[in-house]
Amino acid sequence: MKQVLESLIRQALSDLVKSGELAPQEAFAEGFQPSSLKINLDVPKDKQHGDFASNIAMVSSKVFGKAPREIASLLTGALAGSKIVEKTEIAGPGFINFYIRAESRLAAIPTILAAGERYGHSRAGKGKKIQVEFVSANPTGPLHVGHGRGAAYGASLSALLAATGHEVVREYYVNDAGRQMSILAASLWLRYLAILGESFAFPVNGYKGDYLLEIAQQFADEHGERFHRPAAKVFAGIAPDEPQGGDKEQHIDAIIARCRELLGEEHYEILFNTSLDAILADIADDLGEFGVQYDRWFSEASVASEIPGALALLRSKGHIYEQDGALWFRSTSFGDDKDRVVQRDNGEYTYFASDIAYHKNKFDRGFDTVINVWGADHHGYITRVKAALTALGLDADRLVVKLVQFAILYRGEERVQMSTRSGSFVTLRELREEVGNDAARFVYVARKTEQHMDFDLELAKSETKDNPVYYVQYAHARISQLWQKVPAGVAERLKQTDWTAKDSAALLEPLSEDAELALVAKLAAFPEVIDVAAQNFEPHTLAHYLRELASEFHGYYNSTRVIVDEEPLVLARLALAESVAQVIRNGLAILGVNAPESM
RNA sequence: GCGCCCGUAGCUCAGUCGGAUAGAGCAACGGCCUUCUAAGCCGUGGGUCAGAGGUUCGAAUCCUCUCGGGCGCGCCA
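According to this note's numbering, the first sequence holds residues 20 to 618 in order.
As structure tokens, then:
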């Protein structure tokens, strides 16, 4: 509807320019095309301002050197007699208000019922390859509630982009190469040794979570005594831990070294891979149950071989220099605060070096746009990564970093304490088990990413209208139940109607109430909601739209009976209700939330 | 100190590529169940859009400064 109206306005504008009634001022005349004017069409907040309103007359006032209301008058004159426009009004400083004919408004219903689950989908992003990398938490333990927000956002964003025709690759970058992983492997070993009866103080810096105990038990069951070494040997001559007045970092590093020494590289690798695989599998399970699927799990270790090449390329462009025995990337040339080390004086590459290679790899794969969903604490990292891309000769604007702010959990008024250190953090799995996947997905994604989020567990669990998830789902359930209650003949007739047929719209003529026309207008806006949400990477606008739609439907449902005596009216109202249900289904599907038939 | 994000109703938040009288839910107050799910609906009150300047036909929205909150500033990952 909106597109149709927009093209009508464009046509009228171009006709007026052709006929000379509108002529661009000299300053704008060169190369002027009517099509270069941006036509803004909005659904006004106030219904008295029509179905659509445009500010085109005001915006083009300077170009044409005429008063806005004069331009508006010419335009409305040219639009008179249109099939879809019932009337136009010029208001205020020069707004044009459009009133659409009732028949044209109702056209949304056949469109929805014919398109079904594809309604709202578009080809706006056709031919565009886009990668969304999200969560990418270190595989050193279970995901916590902060990761949940990134997961819900990334998954919904990906679904939005797919719905608008983009070719989407969902990717999880697995940090399987760093020191943290070595600490994890050593922690597993120590837990295993304890299970076999060894007694010692667990390192302050080790991973203390319960999840590791289970993995250790399985490891013991599988390998028996093969990895057993006496604690006395393990800790002989090891630098003291923090409680003993030592340095916890040195302590844990010494244990890792001892572990490799006592087990040998082959066995150490088994240990390492066991911990990595177990935790990664757990993360994948967790996300899978949360409705979050990936196309690719990208291993950091696998990009190691590409680091020298990427750095060589930077070096050849003069962006690498040596100082204090280390190699530095001159990121200050690209707006960074300081230069960054890419290779340490001990020869090891930094995490940043991996990231340069990884991002180069991403663009080498031909993505038009690469989206990184990061926790807000990583924002200081954006500049240097973009600097590296620019230095590599890539367009850094094609990398979009979406920062997701933290979520703070509340149980009613009370704040839920989260602490990684004590190991008492609330995991995503615990959250999902408490509030359910649907509520968690919806609540997470209902806020824009830049907003700090207060996640109220009580609210998310409540089965009342206070809870937006239930509110929207309930609207869907109510409509589903209607099908059971309408006369069988009507339901059957509706099911068999071919909504692509031209005369099918005639069935909807009984719809005449304001609430019905308003509801249809809301449904007609859905495709644009999807397009804009996808374009701006903002799934929260979809969540808000669904809430509004559900609210309008509940109001209508409460005031107007669907099942009445006149069959044509029942048919038309059921068609309207089913259109609402279809849009709710399509919207919730993108958000990863179920649309239940009954509640 | 420097950088990024945020500041909108008592609370949680929309609205921010400039548009008409700044919206919604909760909470408060008042109504609605012999009728398709009251898991719901209708109504009322509630605002210095943190503050001050500026840009213009028009600013919550853009620019500058100030204040308040969060986060970041490693040869860690």
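Glycine residues also receive a C-beta, built at the ideal position from the N, C-alpha and C atoms. For clarity, every value in this text was computed on a predicted model and none was experimentally measured.
How close, in whole Å, do the beta carbons of residue i and residue j come, if the pair is a contact with beta carbons under 8 Å?
i, j, result
"LEU299", "VAL193", "7 Å"
"ILE58", "SER73", "7 Å"
"GLU616", "SER499", "4 Å"
"GLY113", "ARG88", "5 Å"
"SER321", "LEU203", "About 19 Å; that fails the 8 Å criterion."
"ALA376", "ALA345", "Not a contact, Cβ separation roughly 17 Å."
"VAL104", "GLN44", "VAL104 to GLN44, Cβ: 29 Å. No contact."
"MET472", "ALA426", "4 Å"
"ASP374", "VAL404", "6 Å"
"LEU447", "VAL164", "6 Å"
"ILE603", "HIS495", "5 Å"
According to the neighbour-count rule (16 or more other Cβ atoms, all chains shown, within 10 Å of its Cβ), is residue i buried or exposed?
i, result
"SER155", "buried"
"SER80", "buried"
"ASN391", "buried"
"ARG451", "buried"
"MET20", "buried"
"VAL419", "exposed"
"ARG142", "exposed"
"ILE234", "buried"
"GLY508", "exposed"
"ILE582", "exposed"
"ARG198", "exposed"
"PHE219", "exposed"
"MET618", "exposed"
"PHE474", "buried"
"PRO558", "buried"
"ALA31", "buried"
"GLY225", "buried"
"GLN503", "exposed"
"GLU136", "exposed"
"GLU190", "buried"
"ALA251", "exposed"
"GLN22", "exposed"
"ALA255", "exposed"
"SER352", "exposed"
"SER324", "exposed"
"GLN601", "buried"
"ARG580", "exposed"
"ARG315", "exposed"
Taking 9 Å as the threshold (C-beta atoms), are residue j and residue i in contact?
i, j, result
"PHE309", "ALA174", "yes"
"LYS148", "GLY366", "no"
"ALA303", "TYR313", "yes"
"ILE549", "HIS185", "no"
"TYR368", "ILE326", "yes"
"ALA406", "LEU501", "no"
"LYS66", "ALA537", "yes"
"GLY228", "GLY307", "no"
"ARG359", "PHE348", "yes"
"ALA86", "ILE109", "no"
"TYR564", "GLY606", "yes"
"TYR575", "GLU535", "yes"
"ALA134", "PHE153", "no"
"LEU231", "ALA553", "no"
"LYS657", "LEU176", "The structure shown has nothing for residue 657, since the chain only spans 20 to 618."
"LEU639", "LEU593", "Because the chain is modelled from 20 through 618, residue 639 falls outside the range shown and cannot be assessed."
"LEU568", "VAL589", "no"
"ALA524", "ALA97", "no"
"VAL423", "GLY394", "yes"
"LEU215", "GLU261", "no"
"GLU319", "ASP195", "yes"
Would you say the beta carbon of residue i comes nearer than 8 Å to a heavy atom of the ligand ZN?
i, result
"SER578", "Annotation note on the ligand ZN: not contained in the displayed structure, which lists no ligands."
What are the partner residues of residue i, as DSSP defines its beta bridges?
i, result
"ARG315", "GLU190"
"LEU281", "None; LEU281 has no bridge partner."
"ILE390", "VAL151, VAL419"
"GLU433", "ARG430"
"GLU341", "LEU346"
"MET472", "ALA426"
"GLN362", "LEU346, TYR368"
"THR446", "HIS163"
Fill in: Contained alpha helix (DSSP H) runs [length at least 4] in the region 399 to 429, N- to C-terminal order
401 to 410
Item to complete: Run through the region 134 to 205 for me and flag every whole alpha helix (DSSP H) of 4 or more residues, listed as ranges in chain order.
Response: 164 to 182
Worksheet item: Unbroken alpha helix (DSSP H) runs of length 4 or more, entirely within the region 52 to 120: which are they?
Response: 75 to 78, 80 to 83, 87 to 98
Worksheet entry | Whole runs of the alpha helix (DSSP H) within the region 488 to 526, excluding any shorter than 4 residues | 507 to 515
Item to complete: Kindly provide the ranges of any alpha helix (DSSP H) runs that are 4 or more residues long and lie completely inside the region 563 to 612, ordered along the chain.
Response: 586 to 610
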